[in-house]
Amino acid sequence: MRVALISETFLPDINGVTTTLCRLLEHLQAEGHPALLFAPQGAPVSYAGAEVPLTGMPLPLYPEVRLTPPQFGITAHLRRFQPDLLHLVSPVVLGMLGPYVARTLSVPLLSSYHTNLGDYSRHYGFGFLKDLMTFHLRRIHNRCRLTLCPSTATLRALRRSGFRRLKLWGRGVDTRHFHPAHRSAAWRESIGGQPGEMVLLYVGRLAREKRVDLLADAIRDLEGVRLVLVGDGPARMELEQRMQGLPVHFTGYLKGADLATAYAGADVFVFPSDTETFGQVVQEAMASGLAVVGARSGGTLDLVREGVTGYLFEPHVAGDLRAQLRRLLANPDLRVAMGQAGRAVAEERSWPSVMDELMGYYRHILCSSPRRRLIRRVA
0 MRVALISETF LPDINGVTTT LCRLLEHLQA EGHPALLFAP QGAPVSYAGA
50 EVPLTGMPLP LYPEVRLTPP QFGITAHLRR FQPDLLHLVS PVVLGMLGPY
100 VARTLSVPLL SSYHTNLGDY SRHYGFGFLK DLMTFHLRRI HNRCRLTLCP
150 STATLRALRR SGFRRLKLWG RGVDTRHFHP AHRSAAWRES IGGQPGEMVL
200 LYVGRLAREK RVDLLADAIR DLEGVRLVLV GDGPARMELE QRMQGLPVHF
250 TGYLKGADLA TAYAGADVFV FPSDTETFGQ VVQEAMASGL AVVGARSGGT
300 LDLVREGVTG YLFEPHVAGD LRAQLRRLLA NPDLRVAMGQ AGRAVAEERS
350 WPSVMDELMG YYRHILCSSP RRRLIRRVA
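If you're matching positions, the sequence shown starts at 0 in numbering that gives the first Met the number 0 and goes up one per residue.
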């Protein structure tokens, strides 16, 4: 089948949407399915297929998502490519063009929901826009034959908000890249780790919606812990000031082997965000053999098994987060057991199996299409 995708974030941005897109394009290429990706300006010319960079400007509330307006020539380019289906990846502005293009070319349209922009708005003083953003996204997604949700919490929330034709589609993790074997004493020394300390790790964007500020209050009265923050973002300066004098180390963005080493070198993964539709970094931490302490919200609920692979704390409550960390600080054997259990869970979530599930959804909407030639092409 020939698959066209429209996304408003891609490389060089590093985030969960980009990771999923890269894996999808690699899978399509490996399975012999031609692919075309429309992505913002700055994306590579090709990645396991053809991408068409588009001019865009960062969304003020979330720079990783670009406001990419519909542009002349997109429909013509798609007509030349002759896609069998069109996949909208986290549509915001450019995604509005999707229903029109799909109708013009008579191809089925599906979407995947990745970013909770409605909830993000309240963290930037624009809470009044939440309902408007939800209305806007609902109009786009409800024009699709299928909307794929990354977690059961997201699916239920969207259903309550009037989104229709929803299905669950999770995410995979590279268990060879993210592995406990990458643990390094040299890395622990490089971040100032002391013998006997419990190293806490956070990986992600340093931004208000991630609630990283809770970590400052959570560790302030804890002895024998060190916090490492991997990532960058608009809240970094504020966080550095707030955490001054605490055993905290900022690394900036890491990728590849450096990121894998950071995961494996820590003891506990802390994830205070309560706005995640999935939480890919949680899965990467579990694959690396870390116990997880995360907010009892969103996609984290699908990933962390309470008391087995980690603990959940009440969102926004630093005292509860501190209490869960104390439980792990007092029981090193439990931390190790939880890390091993998390690794076992991660090994069941391979990217090939996740992408095969997506191919099943593709085939389903193609076989239900009135265009009988699509059925013959998929068979």
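Every residue gets a Cβ at the ideal spot worked out from N, C-alpha and C, and that includes glycine.
| Query | Result |
| --- | --- |
| Less than 9 angstroms between the beta carbons of residue 228 and residue 246, yes or no? | no |
| Give the secondary structure of residue 129 by DSSP, where H, G and I count as helix, E and B as strand, and everything else as coil. | helix |
| Sort 174, 202, 77 by Cα distance to residue 258 and report the nearest one. | 202 |
| Quick one: using the 10 Å Cβ neighbour count with 16 as the cut-off for buried, is residue 297 buried or exposed? | buried |
| Is it buried or exposed for residue 103, if we count other Cβ within 10 angstroms and need 16 for buried? | exposed |
| Please identify the residue among 7, 133, 348 whose C-alpha is closest to the C-alpha of residue 97. | 7 |
| Tell me which residues share the same chain as residue 147 and place their Cβ nearer than 6 angstroms to its Cβ, disregarding the 5 neighbours each side in the sequence. | 111, 166, 168 |
| Do residue 141 and residue 158 come within 9 angstroms of each other at the CB atom, strictly closer than that value? | no |
| Any idea what DSSP makes of residue 47, helix, strand or coil? | coil |
| Count the other CB atoms, across all protein chains shown, that sit within 10 Å of the CB of residue 315; report buried if there are 16 or more and exposed otherwise. | exposed |
| Just mark residue 303 as buried or exposed, buried being the case when its beta carbon has 16 or more other beta carbons within 10 Å. | buried |
| Run through DSSP, which three-state label would residue 71 get? | coil |
| Return the first residue and the last residue of the alpha helix (DSSP H) that residue 366 is part of. | 350-366 |
| Out of 361, 267, 348, point me to the one whose CA is closest to residue 335's CA. | 267 |
| Give the range of the alpha helix (DSSP H) segment to which residue 95 is assigned. | Unbroken run through residue 95: none, as it is neither H nor E. |
| Rounded to whole angstroms, what is the Cα-Cα separation between residue 200 and residue 284? | 9 angstroms |
| Counting contacts by CB-CB distance shorter than 9 angstroms, is residue 16 in contact with chain B? | Included in the structure is just one protein chain, with no chain B present. |
| At what residues does the alpha helix (DSSP H) containing residue 157 begin and finish? | 151-159 |
| With distances taken Cα to Cα, identify the nearest neighbour of residue 178 among 338, 187, 328, 41. | 338 |
| Could you have a look at residue 80 and say whether DSSP puts it in helix, strand or coil? | helix |
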